[in-house]
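Throughout, my numbering is defined as the position within the sequence shown, counted from one, plus 2.
The beta carbon of each residue, even a glycine, is placed where N, CA and C say it ideally should be.
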Amino acid sequence: MSNPLILAVPSKGRLKEQVEAWLSDCGLSLSVTGGSRGYMAELKGVPGIQVRLLSAGDIAEALDLGEVHLGITGEDLLRERAGDVDARILLLRALGFGRADLVVAVPKSWIDVESMSDLEEVAHDLLARSGRRMRVATKYLAQTRSFFARHGVVDYRITESGGATEGAPAAGSAELVVDITTTGATLVANGLKILADGVILKSQAQLTASLRADWSGERLAAAERLLRVIEARAAAHDSATLAWPADPREAPVVEALIADGASRRPNGLLVAASRIGQASLALTAAGIGPVTASRPDFVYETGCVPYSELLKRVQI
């Protein structure tokens, strides 16, 4: 391939499995080159794309630096890049898996501390009494500093965590933590509680474009092909087609359903999946039927919003 679009996907772990399942659901598959330990792959189903297998953290870095065009990784890792990250990357689609929350958690023994404003008082009192700043154990330095600044918490210092962050307060190396959690069970097991307004980011895996990458015409064409497939599959998940025998009485009820968000199709209507029953009952109540509901595999629209957004932002 000359001037391929480079897509970075996770090389291991649960996130790798989820990405592969998602691609397969879109009718795409990865073919690893160089054996099972290879770090390159081809994406079968869309030409002009070269796949690199990297760690989730390395994908965030590669997107930030423009070393890859597209990548799939957690939003928490993307947001941890310094500076105005939104000027360097574009989130194209949230994928609905790899979910985790970045949170502020304090010891459960801090009975009177339930919010960030309470935490500000604790930090101030600790500094006044002991002359030292409150310690926050975390791997997420940039987001911690930004979040604490927004809440007016200034009397603290960060202790970078190199291991199990949630154990830092019990070990005496920090007073509280900022950490990623999926269920909160590990925090609870370590005697911690999440502050009521202490959710910094509700993260999930994101299909992301680098705005620093070299976007030639060939690469944009490959990106459009890929994004149209992905969007068509996503639209299909959220849609259903309704069909019925031609009936002269259908016009008023069909027009009402279109006004309510349905769209006309050659043999019926495309409706939101959540409105299958409501739309079908409206048709049968008007004496139209039988109505058959089915789920499409793909719904290709004339436009593609993520690709349009990408065109607006990239430098060619």
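With distances taken between CA atoms, A198 lies nearest to E116 out of E116, T184, H239, D157.
S33 carries a strand assignment under DSSP once its states are collapsed to helix, strand and coil. Per the coordinates, the alpha-carbon of L313 lies some 37 Å from the alpha-carbon of V106.
Here Q208 is near E77, since their CB atoms are less than 7 Å apart. By the Cβ-count criterion, I260 is exposed, with fewer than 16 other Cβ atoms from all chains shown falling within 10 Å of its own Cβ.
Going by C-alpha positions, A64 is about 11 Å away from I91. With 16 or more neighbouring CB atoms inside 10 Å of its own CB, E233 falls in the buried class. T185 sits in coil when the DSSP states are folded into three classes, being neither helix nor strand. Distance between V21 and G100, taken at the CA atoms: about 9 Å.
Between A43 and L32, the C-beta spacing is below 7 Å. One alpha carbon belongs to A253, the other to I290, and they sit about 10 Å apart.
Across the structure, L222 and D86 are spaced so that their CA atoms are roughly 24 Å apart. In this structure G98 touches Q206 by the C-beta definition: roughly 7 Å separates them, less than 8 Å. The three-state reading of DSSP puts E19 in helix, counting H, G and I together. If you look at R159, you'll find it in the beta strand (DSSP E) that goes 158–162. Closest by C-alpha distance to I182, out of A191, T167, A173, is T167. By DSSP's assignment, S241 forms a beta bridge with A274. Under the DSSP definition of a beta bridge, L45 partners with L32. Within the model, the alpha-carbon separation for W112 versus L94 is close to 41 Å. When only Cα atoms are considered, V255 and T243 end up about 16 Å apart. Its chain contains L97, F99 as the residues whose beta carbon lies nearer than 8 Å to that of W24, once the 5 sequence neighbours on both sides are disregarded; these appear in chain order. Put simply, of D299, A211, R266, A236 the residue whose alpha carbon is nearest the alpha carbon of L7 is A211. At a Cβ-Cβ threshold of 7 Å, V293 and L285 count as neighbours.
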